[in-house]
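Novice: Residue 253 is where the sequence shown starts when you use the working numbering, and the numbers rise one by one after that.
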Amino acid sequence: MATIRHRLTDVVIPREVEESRGHTKSFRYGIPPLRFAPFGMTVFAHCSRLATAVTMVAMRARFVVAAALLLAGCGETGSSQKADTQMIWEEFSGANALRHVQQMVDYGPRPPGSEALERTRVYIIDQLERVGWEVTRQSFTDETPRGPMTFVNLIATFAAAKQPPSFILGSHYDTKFYSDIHFLGANDGGSSNGVLVEMARVLALRPELAAKVQLVFFDGEEAYVSFTDTDGLYGSRHFAKQLVAEGKAKQFRGGIVFDMVGDKSLTITLPPDSPREIAAGIFAAADALNVRKHFTYSPGDILDDHVPLNAIGIPTIDLIDFDFPAWHTPGDTMEQISAESLDIVGSVAARYLAEVALK
Ligand SMILES: [Zn+2]
253 MATIRHRLTD VVIPREVEES RGHTKSFRYG IPPLRFAPFG MTVFAHCSRL
303 ATAVTMVAMR ARFVVAAALL LAGCGETGSS QKADTQMIWE EFSGANALRH
353 VQQMVDYGPR PPGSEALERT RVYIIDQLER VGWEVTRQSF TDETPRGPMT
403 FVNLIATFAA AKQPPSFILG SHYDTKFYSD IHFLGANDGG SSNGVLVEMA
453 RVLALRPELA AKVQLVFFDG EEAYVSFTDT DGLYGSRHFA KQLVAEGKAK
503 QFRGGIVFDM VGDKSLTITL PPDSPREIAA GIFAAADALN VRKHFTYSPG
553 DILDDHVPLN AIGIPTIDLI DFDFPAWHTP GDTMEQISAE SLDIVGSVAA
603 RYLAEVALK
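(1) Can you say whether Gly-399 is buried or exposed, counting buried as having 16 or more other CB atoms within 10 angstroms of its CB?
(2) Measuring from each Cβ to the nearest heavy atom of ligand 1, keep the ones under 6 Å and list them in chain order.
(3) Specify the secondary structure class of Arg-371 as computed by DSSP and reduced to three states.
(4) Drop a sphere of 10 angstroms on the beta-carbon of Asp-573, count the other beta-carbons inside from all chains shown, and report buried for 16 or more, exposed for fewer.
(5) Please report the straight-line C-alpha distance between Asn-562 and Ser-431, rounded to a whole angstrom.
(6) Go ahead and label Gln-355 buried or exposed: buried means 16 or more other beta carbons lie within 10 angstroms of its beta carbon, across all protein chains shown.
(7) Per DSSP, which one or two residues make a beta bridge with Asn-445?
(8) Please work out which residues of its chain come closer than 7 Å, Cβ to Cβ, to Leu-518, disregarding the five sequence neighbours upstream and downstream, and give them in chain order.
(9) Is the stretch 538-553 touching the stretch 447-463 in the sense that three or more CB pairs, one from each, lie closer than 8 Å?
(10) Ligand 2 and Ala-412: does any heavy atom of the ligand fall closer than 8 Å to the residue's C-beta?
(11) Considering Cα atoms alone, identify which of Ala-601, Gln-494, Gly-552, Ile-566 is closest to Ala-537.
(12) Using only the alpha-carbon positions, how far apart do Val-387 and Gln-466 sit?
(13) Closer than 8 Å by C-beta to Met-311: which residues in its own chain qualify, once you throw out the five before and the five after it? Chain order, please.
(14) Is the beta carbon of Pro-246 less than 9 Å from the beta carbon of Pro-527?
(15) Opposite Gln-390 in the DSSP bridges: which residues?
(16) Where does Gly-507 sit, in a helix, a strand or coil, going by DSSP?
(17) Between which residues of its own chain and Gly-565 is the CB-CB distance below 8 Å, once the five residues before and five after are set aside?
(18) Between which two residues does the beta strand (DSSP E) holding Asp-539 run?
(19) Just to confirm, are Ser-488 and Pro-417 a CB contact at a threshold of 9 Å?
(20) Compute the Euclidean distance between the alpha carbons of Pro-364 and Glu-529, then round it to the nearest angstrom.
(21) What separation, rounded to the nearest whole angstrom, lies between the Cα atoms of Ile-660 and Met-401?
(22) Going straight from the alpha carbon of Ser-599 to that of Ser-391, what length do you get?
(23) In this structure, does DSSP put Val-465 in helix, strand or coil?
(24) Would you decide whether Gln-338 is buried or exposed? Buried here means 16 or more other CB atoms lie within 10 Å of its CB.
(25) Where Pro-524 and Met-586 are concerned, what is the direct C-alpha to C-alpha distance, given to the nearest angstrom?
(26) Using the Cα positions of Ile-340 and Tyr-359, report the straight-line distance between them to the nearest angstrom.
(27) Is His-424 helix, strand or coil by DSSP?
(28) Between the C-alpha atoms of Thr-409 and Gly-472, what's the straight-line distance to the nearest angstrom?
(29) If you check the beta carbons only, do Ile-589 and Gly-441 fall under 9 Å apart?
(30) Checking the sheet assignment: what are the DSSP bridge partners for Gly-399?
(31) Going by the CB atoms, is the gap between Val-404 and Arg-389 shorter than 9 Å?
(32) When DSSP builds the beta bridges, which residues end up paired with Asp-570?
(33) I'd like to know whether the C-beta atoms of Asp-378 and Leu-485 end up nearer to each other than 9 Å.
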């Protein structure tokens, strides 16, 4: 295979434009993290009480603006429970996604076979089931440079679906194994799962769309030594092989893989092997949401979980920001990522799904 996974920082990549914090839904980012209620569902439950408390604060002090922002966030999250919107991309919350990432990162380094990764699985499964998804564990053993390892992909379909899914949304949830550094993978192995869990909630607002989707959380994306045909992409290679073995590859029309989508300085660098039609759809969605400047092409090939899917005939794009200086370093922490970046990627993908891919 000619593809090489390399750091974009090793090659000169022209920035289209200077990083900007401009966006269309800025009110969301004024909402302070609700650390006392870290899960979306808990926040909903506390919303009315929170509103009362905040109003009292606002009356006593000059935090009127902050209070309004907080209330706006509350109402927005609450309204998303009513499934009254067609524009699901407006419902996608980067703040929710960030809370999911924080939870996973709090478990610590999450390499394959670790207890922290099992806790991550339990968390993801719980979050998905709360919003109507059924999750199965696809467990398998493969040879690695460290000997045989057991991996577990999580595969989710919408419980109310009356048809087989036709579009894949994927993300790897393992973090790279290191024996010598504390690698938390907030961006690499964390961020994309926050987006996917929040996407599951948003899609569930339109069950007819959710029914067409299969969510796949890949284990073992990271190589133990370096990416070869037998090291790295363990989960996606196995998933693709199983699809073919079960004669199900043809039921999928396309897919999106998310990886490293939380960098505060966001530049999604689409791999050159991106299916042209999907790339055009993503660019159009980004244009429509006024965030086009955050999307460009990578100058070099990127080997990621989209490759095994493309290899079995499922056109799949990789939404990845490989221009990330903290890549595979102890510096890949929560400080590197933002709700805003997660929001941009999630909103663009949700708009593409609702307006094009799942229509
Ligand atoms: Zn990585």
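Yeah, the Cβ is synthetic: ideal placement off N, Cα and C, and Gly gets one too.
Specialist: Walking through what the data contain:
(1) exposed
(2) Lys-428, Asp-440, Glu-474, His-580
(3) helix
(4) buried
(5) 33 Å
(6) buried
(7) Asn-445 pairs with nothing; no bridge assigned.
(8) His-546, Asp-573, Ser-593, Ile-596
(9) no
(10) Ligands present in the displayed structure are limited to ligand 1, and ligand 2 is not among them.
(11) Ala-601
(12) 10 Å
(13) Per-residue confidence for Met-311 stands at a pLDDT of 35, beneath the threshold of 50, marking its modelled position as unreliable; no derived number is given.
(14) Because the chain here runs from 253 to 611, residue 246 falls outside it and cannot be looked at.
(15) Asn-405
(16) strand
(17) Ala-501, Lys-502
(18) Not the beta strand (DSSP E): Asp-539 falls in the alpha helix (DSSP H), residues 528-540.
(19) no
(20) 34 Å
(21) The structure shown does not extend to residue 660, since the chain is modelled only from 253 through 611, so no value can be given for it.
(22) 31 Å
(23) strand
(24) exposed
(25) 29 Å
(26) 30 Å
(27) strand
(28) 21 Å
(29) no
(30) Thr-396
(31) yes
(32) Val-509
(33) no
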